[in-house]
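Report on one structure; see the data block that follows.
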Amino acid sequence: MQTLGTRPTTAGRAGLAGAPREPLPELPAVEAATGAELAELYRLMTAVRQLDVAAISWQRQGILPAYAPELGQEAAQVGSALALDPARDFAFPTYRELGVARAFGVDMVEYMSTHKATWHGGLWDAAATHLAPIQAVVAGSVLHAVGWAHGQTLEARSAANGPANSAAGSADGLPVAITYLGDGASSQGDVHEAMNFAAVFKAPVVFFVQNNGWAISVPTEKQVAGGSVAARGAGYGIPAVQVDGNDAAAVLEATRRAVAHARAGHGPAIVEAMTYRRGPHATSDDPGRYRSLDEEREDAGADPIARLRERILAEGVATEAALAEADAAAAAEAEALRLGVIALGPRPGAEMFDLVFQEPTDELKRQKAAWREESEHE
Amino acid sequence: MQTLGTRPTTAGRAGLAGAPREPLPELPAVEAATGAELAELYRLMTAVRQLDVAAISWQRQGILPAYAPELGQEAAQVGSALALDPARDFAFPTYRELGVARAFGVDMVEYMSTHKATWHGGLWDAAATHLAPIQAVVAGSVLHAVGWAHGQTLEARSAANGPANSAAGSADGLPVAITYLGDGASSQGDVHEAMNFAAVFKAPVVFFVQNNGWAISVPTEKQVAGGSVAARGAGYGIPAVQVDGNDAAAVLEATRRAVAHARAGHGPAIVEAMTYRRGPHATSDDPGRYRSLDEEREDAGADPIARLRERILAEGVATEAALAEADAAAAAEAEALRLGVIALGPRPGAEMFDLVFQEPTDELKRQKAAWREESEHE
Amino acid sequence: MSETLTVSNNGVAPGASATLELSLQGALNLALDELLAEDPKALVLGEDVGTLGGVFRVTSGLAAKHGAERVFDTPLAESGILGMSIGLAMAGFHPVPEVQFDGFAYPAVNQIVCQLARMNYRSRGAVPMPVTLRVPSFGGIRAPEHHGESLEALFAHVPGLKVVSPADPQQGYSLLKAAVRMPDPVIFMEPKSRYWQKGLVVTEAAANLGTADDGGDAPSSAEITGAGLTDAGLTGARIARPGRHLTLVAWGAMVARCLQVAELAAEDGIDVEVLDLRWLKPIDADALATSVGKTRRAVVVHEAPRTSGLGAEVAQIITERCFGTLKAPVERVTGFDVPYPSGDLEDEYIPNIDRILFGIQRVLEYKRG
Amino acid sequence: MSETLTVSNNGVAPGASATLELSLQGALNLALDELLAEDPKALVLGEDVGTLGGVFRVTSGLAAKHGAERVFDTPLAESGILGMSIGLAMAGFHPVPEVQFDGFAYPAVNQIVCQLARMNYRSRGAVPMPVTLRVPSFGGIRAPEHHGESLEALFAHVPGLKVVSPADPQQGYSLLKAAVRMPDPVIFMEPKSRYWQKGLVVTEAAANLGTADDGGDAPSSAEITGAGLTDAGLTGARIARPGRHLTLVAWGAMVARCLQVAELAAEDGIDVEVLDLRWLKPIDADALATSVGKTRRAVVVHEAPRTSGLGAEVAQIITERCFGTLKAPVERVTGFDVPYPSGDLEDEYIPNIDRILFGIQRVLEYKRG
Ligand SMILES: Cc1ncc(C[n+]2csc(CCOP(=O)(O)OP(=O)(O)O)c2C)c(N)n1
Ligand SMILES: Cc1ncc(C[n+]2csc(CCOP(=O)(O)OP(=O)(O)O)c2C)c(N)n1
Ligand SMILES: [Mg+2]
Ligand SMILES: [Mg+2]
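So the protein lines, in turn, are chains W, R, U and S. Going by numbering that gives the first Met the number 0, the first sequence opens with residue 0, and the numbers climb by one from there. Going by numbering that gives the first Met the number 0, the second sequence opens with residue 0, and the numbers climb by one from there. Going by numbering that gives the first Met the number 0, the third sequence opens with residue 0, and the numbers climb by one from there. Going by numbering that gives the first Met the number 0, the fourth sequence opens with residue 0, and the numbers climb by one from there.
Shown next, in the form of structure tokens:
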């Protein structure tokens with residue numbers, strides 16, 4: 000940005016341009032991932048991989064009507080989720096965050112229910128798990144994360160002014176929101192509004208962008224002008240970091256830095272994880288119409304799980320046998336999930352009416368009664 | 000923005016981050032304003048000032064039901080508009096661009112009709128004048144400007160491929176769109192979408208931001224995170240310039256650079272003119288509720304017209320007498336406008352029905368007939 | 000202990016145990032003031048609602064009194080305001096956001112329809128949305144474009160929303176309190192052309208005193224019910240004027256106009272009942288059926304364009320319930336299917352007294368063909 | 000010269016002088032292909048409409064054939080897509096934007112309502128908006144949330160929009176061509192559950208051959224009219240099945256369901272007329288009056304939630320026009336006032352055959368109370 004003219008006349012007012020812009024705050028340094036953490040990353044990533052690959056085959060077998068694979072994004076998802084404390088922080092997923100859900104300890108049958116067309120948001124309890132329901136509108140939840148995060152600031156301030164027995168705003172800092180979005184979602188106006196609101200209110204929120212190269216068939220270079228979502232942070236005064244999204248330890252570290260910044264009350268941060276959507280957009284998609292297998296191979300790079308495995312073995316963090324054990328546990332988990340998903344029946348139709356409001360209306364009660372009479376198949 | 004991790008795995012793909020970001024293009028240099036141009040700026044600015052100040056008094060006298068003054072923004076509006084060619088370029092105003100309309104040669108009675116509550120968009124012919132109708136949604140037109148601008152690119156390309164007799168895309172470059180928006184409007188999601196679309200399509204559009212310190216009662220520092228709208232350009236790879244918006248010659252120069260960039264087919268540019276809303280938001284507003292007169296005086300700085308006048312006299316571009324003549328012409332214009340505005344009657348109610356569609360529907364014809372029968376007062 | 004005070008602007012103490020004369024704007028301000036005082040989780044947010052107190056001054060003085068953290072200005076972005084309110088609700092707050100004018104709810108429609116209205120459902124009740132969105136609504140003030148819209152048909156069609164519009168200061172005070180206390184999202188449509196109209200308001204404190212039988216000249220329980228202070232009174236429609244020959248159904252600013260029309264009609268011996276619908280979703284179908292069951296004729300009046308307006312729903316509910324006794328098809332007197340016009344033409348657009356009288360006449364003179 | 004071809008996917012030459020068997024998706028593809036060929040100002044834009052050819056392949060092959068500048072992918076932002084289309088129209092183009100699914104029209108509502116629908120009015124006719132917005136619409140495909148919405152009541156309420164929905168391949172082909180050629184904005188709602196259903200399509204070239212009286216076995220003019228190829232046929236409703244006892248009014252995917260219902264009812268000796276409304280704004284009130292004037296009974300069917308749905312408008316129009324002869328109040332069989340549910344429950348939500356039959360029964364058995 001250039002500056003022209005003698006001197007902006009409104010320079011006298013604090014915050015108005017002409018005054019030199021404040022330098023971007025630095026994200027605090029954090030400890031590198033420990034060996035135990037690398038092993039934990041591996042355990043989770045191999046589990047996520049197996050569940051994900053299995054889900055694709057379940058779709059082919061007719062167990063699931065559709066599925067949106069996260070193949071190749073295990074490092075980005077698990078690495079970021081491990082930087083959070085699910086007991087106090089809150090995560091806002093899209094429709095592709097199996098890895099985050101698994102790392103947050105969400106029941107996987109309840110998670111898969113969304114792909115089984117049982118319930119749009121999934122069956123898990125969002126309030127208890129601190130994982131918001133599935134969000135099918137791209138960028139739909141970025142603003143919710145900002146609002147939730149600002150709520151933490153308000154709680155902390157009122158605790159600071161009020162009775163001392165409140166936990167919020169303690170020396171441990173603020174609870175932090177993390178919102179997941181894709182390269183495609185970054186084009187939505189809501190993302191801009193969210194980043195601006197977050198910066199204006201200094202909300203403790205981390206914008207975690209999985210830049211996986213594609214929004215269905217549209218490649219990032221036709222989507223993200225300037226080439227990077229993280230680069231937009233500077234315009235809002237939000238510190239941002241771009242990270243190799245297929246390097247789980249690097250993602251963990253980058254997200255931890257962003258979370259530490261937010262937790263300390265310094266406001267929002269952006270992490271852009273450069274990764275690759277190795278599979279189709281969803282099981283109904285046909286990537287052959289817009290990218291060749293050769294391109295896929297070249298652009299995807301090395302498998303994030305293979306990379307982590309290599310490092311773990313090279314650094315002697317765990318043995319081949321221990322990793323094989325993790326793989327076997329993951330396979331068993333996938334099989335258990337398969338049985339759970341098959342056993343999952345449809346929800347009773349009455350829930351359509353009962354869950355609209357906390358206080359159902361008489362009109363809905365009438366409609367429910369009519370539905371029972373005319374359509375209930377029990 | 001920092002980069003973490005070994006190397007983004009998708010660096011192989013053109014345009015994906017990890018690859019070093021392209022440096023922002025420089026806006027081309029242009030000639031400084033000539034003496035004749037300074038005089039023209041003065042003539043226009045004094046006319047705009049007198050019309051604007053008169054309009055406020057007309058509102059007090061009941062000639063206009065309401066008015067949104069542009070007091071203090073004459074340099075930003077006239078300076079930017081003079082950088083365009085109304086014969087081929089197209090301007091998209093908000094509700095406060097009296098100065099742009101006047102510089103574009105729009106009939107001032109037809110312009111004032113919007114404030115007289117005659118017709119929302121104003122009575123002038125937008126297609127003929129190349130000034131879009133009044134836009135009451137903040138940021139409502141930024142995307143239209145991008146679309147119109149991309150249309151010029153498409154015309155130029157098809158002319159280049161098609162018969163040689165088409166004017167578009169000639170050696171003179173592309174027609175350019177300019178869209179006006181305020182510091183408040185910059186918070187809208189549409190502005191982000193527009194900047195991203197413009198950069199992706201390399202559309203010949205100039206985003207002209209009048210940062211006048213206020214969005215009704217909300218000061219820029221609570222509105223624009225990071226402190227500058229121009230600073231956001233870098234995130235999209237859009238060159239941007241921040242200019243002293245009360246220095247008419249500097250605004251003219253900055254806008255010319257932006258227009259030259261767009262005209263040459265290099266894509267969008269942003270100009271942020273730092274200025275000050277000296278009056279109330281609109282005649283119904285009471286600025287005393289949110290800023291003191293002392294603050295106003297301090298933040299507003301020197302009057303842009305006084306500044307230009309001083310410079311013109313100092314540089315000997317025109318004589319006191321010539322400037323006084325311009326002032327007198329402006330006063331006469333204001334008086335003529337007053338008579339024109341008073342003479343302006345209401346539009347016939349039938350237009351409510353006739354102007355909805357190019358091809359009115361039978362239902363609308365029925366409603367019009369019913370209206371004639373029940374309500375027409377002629 | 001209650002007394003009638005004339006209060007020309009803000010500055011009424013919350014909890015005032017009095018019957019006050021207030022403008023709608025003042026009544027809403029008092030309701031918000033009392034809500035902020037009673038509920039530490041209540042928040043007010045939007046464009047210019049803080050320092051300025053809102054362009055209609057409905058939030059005037061609240062930031063100074065309850066703190067700039069509880070009553071705050073946001074950047075100028077309606078999707079942002081709604082999205083942030085949703086997140087605040089997820090964090091346990093009870094936000095009362097404002098969009099500055101009806102027409103600026105459109106940029107927030109995605110957040111309203113896909114998020115605010117569905118979060119409770121999507122989360123299976125785990126994440127309720129106790130959010131009341133205030134929308135200065137309808138036309139009549141010669142304002143710029145997009146400042147005179149009637150969005151009730153849109154909102155009423157959205158599953159998961161409740162929609163309400165007060166017609167006078169008492170309704171404004173009582174319905175806003177009811178809305179904000181609800182655990183579900185409510186769209187609160189304020190008739191902006193009525194902001195400065197005054198009326199008597201029985202505050203909750205006064206009403207409680209009344210029922211506490213303190214021996215003072217407290218409002219009677221009938222007065223309170225009439226004022227809509229009982230629970231039952233707050234969830235349904237309201238007879239604004241009883242009558243025998245025909246039911247005029249209206250909401251928002253059209254209620255006052257229909258009351259005028261009823262006076263004029265009375266001069267011709269036509270006894271018009273005016274039903275203030277109040278709740279536009281859910282609609283009080285029983286009240287419609289009771290009234291039209293008695294009068295056997297109905298006209299529904301609204302400012303919004305005719306086609307697919309809420310008048311169609313009201314008319315159809317009446318027809319469904321009263322087909323056997325209806326003397327004529329329900330008549331609609333509405334805005335036209337044209338964009339809301341500029342000030343010079345708005346009296347041509349909004350249903351005026353003449354057009355409503357014509358509608359009444361058509362119903363009264365209807366002969367089966 | 001015309002012949003019946005079976006075409007399983009895209010690849011029909013524009014201007015094919017034939018009666019073709021096409022899916023709705025193929026018929027729309029052909030219409031766009033021909034429109035791009037005939038009108039150099041026509042453009043197709045949206046998410047994934049270029050290289051991929053759209054998630055439903057409606058734009059398949061068009062970019063390759065007509066150029067990546069005329070059929071192009073945009074960034075993922077619906078307000079951007081609409082806003083850009085408006086600007087392109089201001090520059091003299093005839094954009095045919097797509098929003099990928101109904102539910103993603105909500106982020107564009109501000110541009111649709113305040114801009115697209117009003118630019119002609121605001122500019123006093125100087126800046127027309129020849130824009131056709133394609134919206135894959137309605138439910139029935141077990142899709143994720145927000146992929147099964149019915150927005151016709153919202154669109155039909157907006158002054159300045161025209162709204163249409165085709166029920167079969169012929170309607171898709173003919174109505175899309177009519178819409179894109181109009182000088183006003185049209186919302187084109189494609190019933191996504193019908194994309195893969197096949198039917199015969201008389202192309203315009205074939206129809207022209209027929210009227211050119213070339214002696215070949217061209218479709219008769221009655222066939223053409225039945226296919227909706229005449230001007231008159233394209234601006235109003237269409238009798239999809241004549242009948243004497245009751246009129247079923249439907250649009251989009253519900254037309255096929257109502258035709259099924261009519262067959263079942265016929266087994267019980269009930270002769271149902273099915274009226275395919277086609278244009279949802281303006282509504283063909285004359286066609287409704289003519290049909291119900293004859294049958295004296297009507298049921299309107301739609302997928303959208305009941306309250307403030309377009310069914311209310313249709314019912315009220317019928318009641319206004321036919322009150323004197325109607326045997327029973329118009330019945331509505333609709334979606335419920337609940338968010339569109341997940342796949343497992345969508346058959347409970349969308350009006351099914353049973354519920355429509357119950358509706359018919361209620362009308363037939365109605366006794367004045
Ligand atoms: C507002 C909105 N528009 C369109 C869609 C349809 N859609 C679903 S996913 C998708 C692409 C998303 O790309 P990105 O954000 O990069 O996420 P990814 O799929 O790569 O994880 C699109 C267009 C949607 N869900 N929401
Ligand atoms: C979408 C939208 N929201 C709210 C408003 C109401 N409003 C009109 S002007 C204004 C402030 C605009 O500030 P800014 O963009 O800085 O322009 P300025 O008034 O300073 O010229 C607001 C909130 C509007 N017109 N449009
Ligand atoms: Mg992506
Ligand atoms: Mg401003």
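The C-beta atom is built at its ideal place from N, Cα and C for all residues, glycine as well.
Residue interval of the beta strand (DSSP E) (run including residue i)
i	result
S/Leu199	197-201
R/Ala378	The first residue shown for chain R is 0 and the last is 377, placing residue 378 of chain R beyond what the model contains.
R/Ala90	89-91
Any non-hydrogen atom of ligand 2 closer than 7 Å to residue i Cβ
i	result
U/Val332	no
S/Gly251	no
Proximal residues of chain W, C-beta to C-beta of residue i below 9 Å
i	result
U/Leu233	Within 9 Å Cβ-Cβ: nothing; U/Leu233 doesn't reach chain W, min ~13 Å.
Extent of the continuous alpha helix (DSSP H) run through residue i
i	result
S/Trp278	Here S/Trp278 belongs to no alpha helix (DSSP H); instead the beta strand (DSSP E) covers 278-280.
R/Val250	247-262
Beta carbon of residue i nearer than 8 Å to that of residue j
i	j	result
W/Met111	S/Pro340	no
U/Leu344	R/Arg371	no
R/Ala65	R/Thr282	yes
S/Ala327	S/Asp275	no
S/Leu42	S/Arg69	yes
R/Ala234	R/Tyr275	At residue 234 of chain R the sequence reads Gly, which differs from the Ala that was named. Contact flag unset, no.
W/Asp88	W/His129	yes
Of the residues the options, the one placed nearest residue i, counting alpha carbons only
i	options	result
U/Thr202	U/Gly171, U/Leu279, U/Gly52, U/Thr333	U/Gly171
U/Tyr348	U/Lys326, U/Glu302, U/Leu309	U/Glu302
U/Ile355	U/Val332, U/Tyr365, U/Pro143, U/Ala311	U/Val332
S/Gly310	S/Val298, S/Arg361, S/Glu319	S/Val298
U/Gly79	W/Glu314, W/Gly78, W/His149, W/Ile62	W/His149
R/Val137	U/Pro74, U/Pro281, U/Met253	U/Pro74
Cross-chain neighbours of residue i in chain S, by beta carbon under 7 Å
i	result
W/Thr117	Ser341, Asp343
U/Glu312	Thr306, Ser307, Ala311
heavy atom of ligand 3 below 7 Å from residue i C-beta
i	result
W/Asn211	yes
W/Ala135	no
Residues that residue i contacts on chain W, provided the C-beta gap is smaller than 7 Å
i	result
U/Glu68	Leu153, Arg156
Check: residue i C-beta below 7 Å from any heavy atom of ligand 1
i	result
S/Phe100	yes
S/Asp285	no
Heavy atom of ligand 4 within 7 Å of residue i beta-carbon
i	result
R/Arg231	no
Cross-chain neighbours of residue i in chain U, by beta carbon under 7 Å
i	result
R/Glu373	Asp353, Arg354, Phe357
Residue i: CB within 7 Å of a non-hydrogen atom of ligand 5
i	result
U/Pro135	Because ligand 5 does not appear in the structure shown, any question about it cannot be addressed here, the ligands present being ligand 1, ligand 2, ligand 3 and ligand 4.
Chain-ordered chain W contacts of residue i [CB-CB under 8 Å]
i	result
R/Tyr235	Ala224, Gly225, Arg231
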